[in-house]
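The block underneath contains the structure these notes are about, expressed in C-alpha cells.
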Amino acid sequence: MRVENATNFSGVSSLGLCCGQFTSATSDRLTITVGGEWPLTQFFMVGFRLGNANYSDEFTATNSAPLIIGDEVKDVTYTTQMVTDIRGLNLDFVAKLFPVAGLWVSAGIRTSILVDRFATITVDSDVSAYRTSLNQGATYISGVGAIGYEIPLDSEGVFLLNPTIGASIGLSDYNSLDWKINTLSAQIGVVWQWGTKLIDEADSGDQFR
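Quick note: the sequence shown, position 73, residue 72 per numbering that gives the first Met the number 0, numbers continuous.
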C-alpha cells in the first residue's frame, strides 16, 4: 500500500492546445494531489489520485475598425484579451510500471469536475470582469501520462521523494467552443509505503525463524 502527496510547482508553465493552435496557459495556483497505489506484481501498480483542478487560459485578438473623422476615414486598431480561470476537482485512475528500480512510467484516465469559471476581458485599457455559471458541474475526460523517479529518504525505503513530469491530453470537449485542457506539468511528491518490507522478509524466511 502506498499513499502519495504530490504538489505542482506554483507558476510552472503549461502548454495549451486550442483549435489547432498553441496558446499560453499556466496553472497559476497551487495544486495538491493525494492518492493511493496497490502493487499487483513487483513491477506493476494500479492506483488513484484526487486533487484540485486549476487552469488558466489566455486569448488575445487584434482587430481594426473604420473611424470617420470629418472627411477622413481612418482604421483604428484595438486589442481584446480574455483570461479564463477554471477551478474544480481532478480524479485520476492510473497504472504504473517500473521498468528499472526507481524509474516509473504511468498512464490513465482523468475525470475533471469543473465547478467554477471566471473570465476577465480587457479591451485596450477598459477592463471588465464577470463570473459565469455556464459550465458549473461539467465533467471533462482526458488521458494522463507521467514519468518519474523515486528517491529513498530513509534506509528502510518507507518514505520516498517522487519528482514527476506529466501531461494530459483532452479526450472530450469542455464546451461548444472546443476548448480542450491539454497541459504539461511538473510535480514533486512524497510517498509513504508500507507492507513491502514485510513481504520481502517473509519471502526470505526471516518471519519464520
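Using N, Cα and C, we set each Cβ at its ideal position, and we do this for glycine too.
Between residue 108 and residue 142, the gap from beta carbon to beta carbon is short of 9 Å.
If you compare the alpha carbons of 69, 106 and 75 with that of residue 45, the shortest gap goes to 106.
Nearest to residue 191 by C-alpha distance, out of 163, 185 and 151, is 151. Nearest in C-alpha terms to residue 138, of all of 113, 157, 154 and 146, is 113.
In the assembly as shown, residue 155 is an exposed residue. Its beta-carbon has fewer than 16 other beta-carbons within 10 Å. The beta carbon of residue 104 sits closer than 6 Å to the beta carbons of 96 and 146 from its chain, once the five residues preceding and following it are set aside; these are given in chain order. According to the DSSP assignment, residue 158 belongs to the beta strand (DSSP E) that extends over 158-169.
Excluding residues up to 5 positions away in sequence, 145, 147 and 186 lie with their Cβ nearer than 6 Å to the Cβ of residue 163 in the same chain. DSSP lists 74 as the beta-bridge partner residues of residue 65.
With fewer than 16 other CB atoms across the displayed protein chains lying within 10 angstroms of its CB, residue 64 is exposed. For the pair residue 165 and residue 183, the CB atoms are nearer than the 9 Å cut-off.
Per DSSP, the unbroken beta strand (DSSP E) holding residue 36 starts and ends at 31-38. According to the DSSP assignment, residue 145 belongs to the beta strand (DSSP E) that extends over 137-148. In the displayed model, residue 191 falls within a strand according to three-state DSSP. In the three-state DSSP reduction, residue 41 falls in the coil class, being neither helix nor strand.
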